[in-house]
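Peer 1: After the structure tokens below, expect a handful of questions from me.
2 protein chains.
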Amino acid sequence: MPQSLTEVQRKILDFLIEERTSRGIVPTLAEIAEKFGYRNRSTVQQHLEALEKKGFIKRNPRLSRSIEIRLEDKYFIPRPVLGEVAAGNPLTIYPDAIDTVELPSVAKMPGDSFLLRVKGDSMKDAYIFSGDFVIVNPNLNPVNGHFVVAILDGAAVVKRFYKKGDQIELHSENPDYAPIIVDRKSHVFKISGVVVGVYRSMEKKTL
Amino acid sequence: MPQSLTEVQRKILDFLIEERTSRGIVPTLAEIAEKFGYRNRSTVQQHLEALEKKGFIKRNPRLSRSIEIRLEDKYFIPRPVLGEVAAGNPLTIYPDAIDTVELPSVAKMPGDSFLLRVKGDSMKDAYIFSGDFVIVNPNLNPVNGHFVVAILDGAAVVKRFYKKGDQIELHSENPDYAPIIVDRKSHVFKISGVVVGVYRSMEKKTL
DNA sequence: AAAATTACCATACAGATGTATGGTAATGTT
DNA sequence: AACATTACCATACATCTGTATGGTAATTTT
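One line per chain: the protein sequences are Z and S, in this order. Numbered per our numbering, the first sequence spans residues 6 to 212. Numbered per our numbering, the second sequence spans residues 6 to 212.
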């Protein structure tokens, strides 16, 4: 039962996870202090004590960079979820990460990649099913035929990307849905990133 | 262009990856030395120098636990591949890890989990397709309905597991293949582990 | 109003850590 | 036969690292 974190504690925990994801190593107290502008390591020390008491991390006495992130005992790490995606009928997407939900830590990703849980069966012809997670890299330029996550009217959709001159076509796999055609410079839509992978957990469901 | 590693260097690199995967932190020189029975850290030091010169890792001067594993720049880490699996018609499986291939580091796994690349379409009814990777945890006890990897006559297959009394039934998803029924104590087969996830890379193929 | 919590600073210290340097032995290569 | 590579050991050292202890100030809870 994860207790609630204070603002500072959550930021430090996020930093730990981020560093471990992007650099592969957990920062030292000194590095955390530097990151947050603390003049002293003992400030960090006390935040870490709080995080440990609340069960989010485990510290190993006298070992450097030995902070273990406890959320991973279940093979999960918290990652920002931007919302759920439907391929056909857009669902609501939240403007910012609404919550830090436990999601599978899938593949090695750039620190700012994110996961989206797919809802609905409109991607089934692309072998992506309801409940699957798509891994989205926001730093790639989409190529024709790639699956992208697009924000349309504040809702996120997964579509196949095609650029034709000044127009961008977003195709569904399911032929029941007509392609969406928008101007490249349109402000009503935005490509959030390219789908680089799909992950499906089999641990619970029998399918 | 990764240069070849010596036996010891490869073992140390594997250890680095394993520790990072299972503990979340890279070991110190002292820990590596202890693991391999070295009486001195400088032995490790020199192996790490070799690994760095060959481009497999990057060391950050004077920072503890700061070894970065360079293979991950491409979001890949080497993992032993035991072979390819077919769900219907068993393929050859290699008795030991035949190679250390660059495979996506998928999900957080126990250090001894492994990946198998699925071949053939006999699992398609379970939404697992040719080219997908199944993530296998060898330390779980299969429950009825779970997908398991079984070794039958030296070949690996992915099947759905059902225990009925003293018999174990291995069902294919594809009804064209008849279930395999074996005695629980049979020596001709062995359950290698439980499929805990499926990963599919989307980066290259347009599908 | 008193007490607890949160957020920060400073100083001190033992021991862990990476690194430098020099050496031995076995094996393979030219 | 000379050289290079691999694999290991030992000693030494600056400094990084986690930890202990004590203190101030602001905010929240009781």
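In this text, a Cβ means the ideal position worked out from N, Cα and C, and glycines have one as well.
S:Phe134 versus chain Z: which residues are under 9 Å apart at the beta carbon?
Peer 2: Neighbours of S:Phe134 on chain Z, chain order: Tyr132.
Peer 1: If you draw a straight line from the C-alpha of S:Val154 to the C-alpha of Z:Gln172, how long is it?
Peer 2: If I take the Cα positions, the gap works out to 47 Å.
Peer 1: Please identify the residue among Z:Val163, Z:Glu39, Z:Lys168 and Z:Asp188 whose C-alpha is closest to the C-alpha of Z:Glu178.
Peer 2: The shortest C-alpha separation from Z:Glu178 is found at Z:Val163.
Peer 1: Starting from Z:Glu39, trace the alpha helix (DSSP H) both ways and give me its first and last residue.
Peer 2: Looking at the DSSP string, the run of the alpha helix (DSSP H) that includes Z:Glu39 is Leu34 to Phe41.
Peer 1: What residues from the stretch 51 to 75 of chain S come within 7 Å of chain Z, judged by C-beta to C-beta, listed N to C?
Peer 2: Answer set for the stretch 51 to 75 of chain S: Ser69, Arg70, Ser71, Glu73 and Ile74.
Peer 1: Specify the secondary structure class of S:Lys63 as computed by DSSP and reduced to three states.
Peer 2: The answer is strand: DSSP assigns S:Lys63 an E or B state.
Peer 1: Could you tell me whether any Cβ in chain S is nearer than 8 Å to the Cβ of Z:Gly202?
Peer 2: So, interface residue.
Peer 1: Kindly examine the ligand ADP and report whether one of its heavy atoms sits closer than 7 Å to the Cβ of Z:Arg189.
Peer 2: Absence of the ligand ADP from the depicted structure is noted, as is the absence of any ligand whatsoever, leaving it without description.
Peer 1: Can you name the start and end residues of the beta strand (DSSP E) that S:Glu174 belongs to?
Peer 2: Element bounds for S:Glu174: Gln172 to His176.
Peer 1: When the Cα atoms are used, what is the spatial distance from Z:Gly150 to Z:Leu34?
Peer 2: Going from the Cα of Z:Gly150 to the Cα of Z:Leu34 covers about 45 Å.
Peer 1: Nearest CA to the CA of S:Lys169: which residue from S:Tyr182, S:Asp181, S:Pro180 and S:Ile186?
Peer 2: It is S:Ile186 whose Cα lies nearest to the Cα of S:Lys169.
Peer 1: If distances are taken between C-alpha atoms only, which option among S:Arg189, S:Leu10 and S:Phe61 comes closest to S:Glu174?
Peer 2: Comparing Cα-Cα distances from S:Glu174 to each of S:Arg189, S:Leu10 and S:Phe61, the minimum goes to S:Arg189.
Peer 1: Take the Cβ of S:Pro147 as the centre, count every other Cβ of all protein chains shown within 10 Å, and call the residue buried at 16 or more, exposed below.
Peer 2: Buried: at least 16 other Cβ atoms inside 10 Å.
Peer 1: Between Z:Ser197 and S:Ala183, what straight-line distance do the alpha-carbon atoms span, to the nearest angstrom?
Peer 2: Spanning the two alpha carbons is a distance of roughly 45 Å.
Peer 1: So S:Ile133 packs on S:Gly202, CB below 8 Å; how close in whole Å?
Peer 2: Actually they are not in contact, since the Cβ atoms of S:Ile133 and S:Gly202 sit about 11 Å apart, beyond 8 Å.
Peer 1: So, with DSSP's three-state summary, where would you put S:Arg165?
Peer 2: S:Arg165 falls in the strand class under three-state DSSP.
Peer 1: From Z:Ile17 to S:Ser71, what distance separates their C-alpha atoms?
Peer 2: Approximately 19 Å between the Cα atoms of the pair.
Peer 1: Can you grab the Cα-Cα spacing for the pair S:Leu56 / S:Val49, in whole Å?
Peer 2: Using only the alpha carbons, I get a separation of about 10 Å.
Peer 1: By the DSSP assignment, the beta strand (DSSP E) with S:Val49 in it spans what residues?
Peer 2: No beta strand (DSSP E) contains S:Val49, which is instead part of the alpha helix (DSSP H) from Arg46 to Lys58.
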